[in-house]
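Chains as they are written, first to last, in this note's numbering: chain A, 214 to 516; chain B, 2 to 531; chain C, -8 to 309.
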Amino acid sequence: MLHHVAADNPRLHALDGTAEAPPKARSYWQTVRYRLRHDYLTLVFGSVVLLIMLSALCAPLLAPADPYQTSMIARLKPFGYKGHLLGTDELGRDMFSRLLYGGRVSLTMGMVPVMLATVMGGSLGIIAGYAGKHLNMAIMRIMDVFFAFPSILLAVAISGTMGGGLRNGMLALTLVFIPPLCRVAETATTQVSHLDFVEAARASGAGLGSIIWHHILGNVLGPVLVYASSLVSVSILIASGLSFLGLGVEPPTPDWGLMLNTLRQAIYIAPSLAALPGVVIFITSICFNLLSDGLRAAMDVRM
Amino acid sequence: MRTRSLGCLGLCMLVLIGRAMLQQVSAETVLRVAMTAGDVPITIGQPDQGFEGYRFVGYNLYDSLILWDLSRSDVVADLRPGLATSWKVDPADPHRWIIALRQGVKFHDGCAFTAADVVWNFDRVTNEKAPQFHPKQFALIRDRTNNMEKVEALDDYTIALTTRQVDALLPYQLSYWFMISRCRLESLKHDYAAYQRQPSGTGPYKFAKFIPQERLELVKNSDYWDTRRIPKHDRLVLIPMPEATTRAAALLSNQVDFVEAPLPDTIPKLKSAGMQVVTNGYPHNWAYQFNFVDGAFKDIRVRKAANLALNRADMKELLRGYMIESYATLLPSMPYYGEPSFKITYDPKQATALLKEAGCYPCKITLAISTSGSGQMQPLPMNELVKAQLEAVGFKVKLEVMDWNALLDLVRPGRTKAPEVDAINVSRSMQDPFSALIRHVYSKQHAPAGSNWGHYSNPAVDALIEEIYATFDPQAQLAKLTKLNEMMTDDAVMLWVVHDVNPRALHPRAQGFVQAQSWFQDVTPIRIVD
Amino acid sequence: MTAYIIRRVLYALPIALGVSMVCFTLIYLAPGNPLQTLLPENASAETIDMIKKAYGLDKPIPLQYLTWLSRAITGDLGISIASGRKVSEEIAKALSNTMILATGAIGLSFSLAFILGVTAGYLNGSWADRVVTGMAVMGVSVPNYWLGMLLIIFFAVELQLLPAAGMGPQGSSTFSVFNPQHLRHVLLPVVTLSMIPMGIIARTTRAAVAETLNQDFVQTLRAKGLKARTVAGHVIKNALPQILAVMGLQFGYLLGGSILVETVFTWPGTGFLLNKAILTRDIPVLQGVTLMLATFFVATNLLVDLLQTAVNPRMQRH
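Shown next, in the form of structure tokens:
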């Protein structure tokens, strides 16, 4: 996939035979932006994702109640009870507030590992792709070892042995996502690093940093970002799974996966309450997924 | 032709009817029980998984010398003769107990039960050099056997048990000690791993099948010596189900007939589905035992602050009323409750003041808790509530959550092996004065020798306990026990929260269950009526 | 061809070795020192010595790893701290139970995904295509343990049609695939587990079919006048290697990633065992299960690769 792609320009296909001077070719990123702007579905999902992230960020402003305030007489109340928009949980705390604050933990636990893994895995991949055969093999073999673990198994094994907790969970997830991102970056880098214009740049004495910045990064960024965006929904699911197993944050910290766990007891009295955190996880995950799909279509990436 | 085909038809019908009748006759009645334990309790004698192991495996496969009378629900359960028919102190030496054994009792493998078996079983849990010794069995009952010095057979059906220290409460200790079959273990060359799959005792049930982590199946022992307690069903299936919601779902979807500790939140649904929900008071204490040596709780002000911080009425709401608020180790209805001067109320201001006075503000503490277990009620939501209430007055609480058996394993060696833990949440039995009071505060019971996990040491308390041991007169003993309860309450030796009411849910087809006021229950009278 | 097979197998060996190294280091990740994590409480001095020797804990770390590895290869994965039984025994039983779920889930997901994916691939761009893609995305976005809970509420508690937990009315030892009573226990966990693979396989199938349809040889076949059905057959045969590859990968994922669903349904498989090992801090079991599952995954990947190449020699990876 090349850096510069001539966009479809209708004027080039004018049938009147007039030889017009071809206009400036649209840059790749301009094409991406164009495509995105006209892909309404992706824009919708993108806005939903933005909405979810903003609401989590502004939780202190939006939450109607203190997410830690318990009230034994108002346990497991239905939607709309006395101002509780989404009811109360098993200790009488306002569900809406807890979902908002829970988004902070769940989204952090979902997104931060992916971001860290993108930076670390991406860098490793670029190094592996650009470097000589031996370094490449060494790095990729090590990545293959971690690839040999199903993601949730590795996440559970690492955070389980370390005793659980938010920090260990994020560490485990980062380790899980570095190998696939590294592989994507490496593939993209090797495709370009031996092309003519890169050789030319090397021959003309350009520094390593400048070569990577100007020629390689642009090629790699597209696939890596698309893949990373698809990983966010997986990360949110695995992170909530870890919390569900008790390996995430400790109660009473609000967190969607942990809430699903503690609300299990409510499935006989208020099944809709018990299902609520799951609905939120589901929606967030779908939106990230579809957003990532839209990005892939816009960036024309073949995975 | 027609007659032949008619004849064939008739024969077929006879065969089918006969088979149906045979199936009816040979249809086995099965009682399926869902336990809160995370795994099947071990069958090699003293069970693990806490008192649930005793309840469903220990007292079913085996008997002890003295048993509990679990046949009535209107009085607190007390002792009755088991494999021993009488027991009394030797008038010449109060250290020595003469115990007469029941005659004509056979183990499941056919061997007869005699005094030699009692001596052999004593070595099994005390004598490291004996081939039948098992270190974990020793550890499991150590707090009750550490006062037993020796056991000798006076004749085939009489034994003499000598205690190190005079102990008027010995009969209670004997009720927890099971007799396993020497014949069987010796025939297996003392291989406990093999014995686990072929246990042999004298109890009302025999071993049938064991699938690790999934189920234990026992069948009725039709030759049981106590004919009133021969099980009224053919097979008892024990299934570990630590998740409360899974237990409720299993009962509702007809996978089990008898469920331990259903979630209070699910009880309305169970009742509306026609299940029987039974409760009864029993000598149970859901509390936290403190670490008196390392950490914040060595200061009595911090201990009192924790007790004053709890809003026990809120806990009652959480459990939908299925509990009794606890302000001391004992239930107020128990005869030796007394009048402690430390009166616990919900007083968060006073709690904060005490913490500030003690110089522990915010006061960082770590509580070790379990996810489920015998008598632990609903540990996760309850602990969340306790944590919230403690933090509201100035504590900073960290919860260390683990599996029930893992918590017991952490607790048994004592506070020296877990100095970072400030309190443990292990529900305790108060069935007898030793279990209720003595084992938590006696310095001779410092874990791992006994249940005094946090190594509480008070010379005045020790002296009182020694007096109690030496007092055989019931009235005098009662007065001293009362004083002990008062001293323990005034010294805030535990963080008291609630007493359980032992809810259980049964399918309507399980008839005849009498819920005793005890940690132990007798399931033998249950009939399966379809 | 055989040279390729040998090369591929040799390539997998260092991976397996690396996997074992990662599993070995798990002991050092646990808080406290390794001896503490390996010992049951109340261990006598003899037991402590025995464990020290068995694990080589008094030797330098590389030697420890080799000791552990040599025992693991012979099948000795140590003793479970919580139960006192051999780890390999517990895993063997649990693995066979998980296999039942994984096989069922792959079968179900593959059947559904295949039909959906081929349809979508053929009807590329139409609303049917979007519906299928939408369903696939939903499949991979749902937290499957939550779905399991919902299914339990609906089918086990409300409708009382299916059992809520466990593996058969008499436990796993009598479980038989041919017994409809036992199959009722399998249904809900299998459906839950098949959601994610269904989504992934459907998408891959759709992409593979659509891509194949675009290739020249399809035009050629059509031009030759072959019936649509025959053409479809060729298209599917061409797309099959990719689909099978994903299926194989998903099977491996299911084996290793079933912990959440097994916890919800109390299914006595490897995931459930892993969960218990974490709760009881039983490191030998945790190590053993992780090693076993990861090794299985490597083997599955290898097998899938070889099969792919057998079907389509052009797909040899360098």
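Using N, Cα and C, we set each Cβ at its ideal position, and we do this for glycine too. Source: prediction; values computed, not measured.
Quick check: C/Gly130 and C/Thr196, are their CB atoms within less than 7 angstroms of each other? no
Looking only at DSSP bridge pairs, what is B/Thr247 linked to? According to DSSP, B/Thr247 bridges with nothing at all.
Kindly list, in the order they appear in chain B, the residues whose Cβ is closer than 8 angstroms to that of A/Leu304. Leu319, Pro382, Glu385, Leu386, Ala389
Per DSSP, what kind of secondary structure is C/Lys77 in: helix, strand or coil? strand
When the Cα of A/Leu455 is compared with those of A/Ser406, A/Pro393, A/Gly323, which residue comes out closest? A/Gly323
Please check if any C-beta of chain C sits within less than 7 angstroms of the C-beta of B/Ala251. yes
Using a Cβ-Cβ cut-off of less than 9 angstroms, give me the residues of the segment 489 to 505 of chain A that come near chain C, in sequence order. Pro490, Gly491, Val492, Ile494, Phe495, Ile496, Thr497, Ser498, Ile499, Cys500, Phe501, Asn502, Leu503
What residues in the segment 364 to 386 of chain A have a beta carbon less than 8 angstroms from any beta carbon of chain B? none
Interface flag, B/Ser254 vs chain C, CB-CB below 7 angstroms: Yes, because at least one Cβ of chain C sits closer than 7 angstroms to the Cβ of B/Ser254.
Please compile the residues from chain B whose C-beta is within a distance smaller than 9 angstroms of the C-beta of C/Thr196. None at all; the shortest Cβ gap to chain B is about 36 angstroms.
Where C/Ala193 and A/Gly334 are concerned, what is the direct C-alpha to C-alpha distance, given to the nearest angstrom? 28 angstroms
Span of the alpha helix (DSSP H), counted from its first residue to its last, around A/Met308: 308 to 343
Would you mind working out which of B/Thr163, B/Val77, B/Gln47 sits nearest B/Phe139, comparing C-alpha positions? B/Gln47
Chain-order list of residues whose beta-carbon lies under 8 angstroms from that of B/Leu170 (same chain, five-residue window excluded): Asp433, Pro434, Phe435, Ile439, Ile469, Tyr470
When you compare the CB positions of B/Thr37 and B/Glu385, do they come within less than 7 angstroms of one another, or not? no
If contacts are defined as beta-carbon pairs under 8 angstroms, then B/Gln512 and B/Val530 qualify, I think. What distance do you get, rounded to the angstrom? 5 angstroms
Taking 7 angstroms as the threshold (C-beta atoms), are B/Val120 and B/Ala154 in contact? yes
If you draw a straight line from the alpha carbon of C/Ile191 to that of A/Met512, how long is it in whole angstroms? Between C/Ile191 and A/Met512, the C-alpha separation is close to 21 angstroms.
Give me the chain A residues within the contact set of B/Asp315, using Cβ-Cβ distance strictly less than 8 angstroms, ordered along the chain. Per Cβ cutoff of 8 angstroms: Thr283, Met285.
Which residue spans inside the segment 96 to 136 of chain C form an unbroken beta strand (DSSP E) run of at least 3? none
So with Cβ pairs under 7 angstroms, would you call A/Tyr481 a contact of chain B? Contacts with chain B at 7 angstroms (Cβ-Cβ) include A/Tyr481.
Under 8 angstroms by beta carbon: chain A residues contacting B/Lys270: Tyr481, Ile482
Residues, ordered as in the chain, of the segment 27 to 39 of chain B that lie near chain C by beta-carbon distance below 8 angstroms: Under the 8 angstroms Cβ criterion, the segment 27 to 39 of chain B contributes Gly39.
What is the DSSP secondary structure of A/Met596, reduced to helix, strand or coil? The requested residue 596 of chain A does not occur in the structure, where chain A is confined to residues 214 to 516.
Under the three-state reduction of DSSP, which class applies to B/Gly105: helix, strand or coil? coil
What separation, rounded to the nearest whole angstrom, lies between the Cα atoms of A/Leu471 and C/Asp273? 23 angstroms
Nearest by alpha-carbon distance to B/Phe396: which of B/Leu381, B/Gln50, B/Gly296 is it? B/Gly296
Grouping DSSP H, G and I as helix and E and B as strand, with all else coil, what is B/Cys361? Of the three classes helix, strand and coil, the one that applies to B/Cys361 here is coil, per DSSP.
How big is the Cα-Cα spacing for B/Val524 and B/Phe52? 15 angstroms
What's the call for B/Pro1, buried or exposed, on a 16-neighbour Cβ count within 10 Å? Outside the displayed range of chain B (2 to 531) lies residue 1 of chain B, so it cannot be described from this structure.
Bridge partners of A/Trp426, per DSSP? Beta-bridge pairing links A/Trp426 to no other residue.
Could you tell me the boundaries of the beta strand (DSSP E) in which B/Trp454 lies? DSSP places B/Trp454 in no beta strand (DSSP E); its state is neither H nor E.
Could you name the residues of chain B that A/Thr555 contacts, counting a contact when the two beta carbons are closer than 8 angstroms? Limits of chain A in this structure are 214 at one end and 516 at the other, which puts residue 555 of chain A out of reach.
Applying the criterion that 16 or more other CB atoms from any shown protein chain within 10 Å of the CB defines a buried residue, is B/Val303 buried or exposed? Around the beta-carbon of B/Val303, 16 or more other beta-carbon atoms lie within 10 Å, marking it buried.
Answer yes or no: do B/Met324 and B/Val499 have a C-beta to C-beta separation smaller than 7 angstroms? yes
For the segment 424 to 437 of chain A against the segment 391 to 398 of chain A, do three or more pairs of beta-carbon atoms, one drawn from each stretch, fall closer than 8 angstroms, so that the two count as touching? Yes, they touch.
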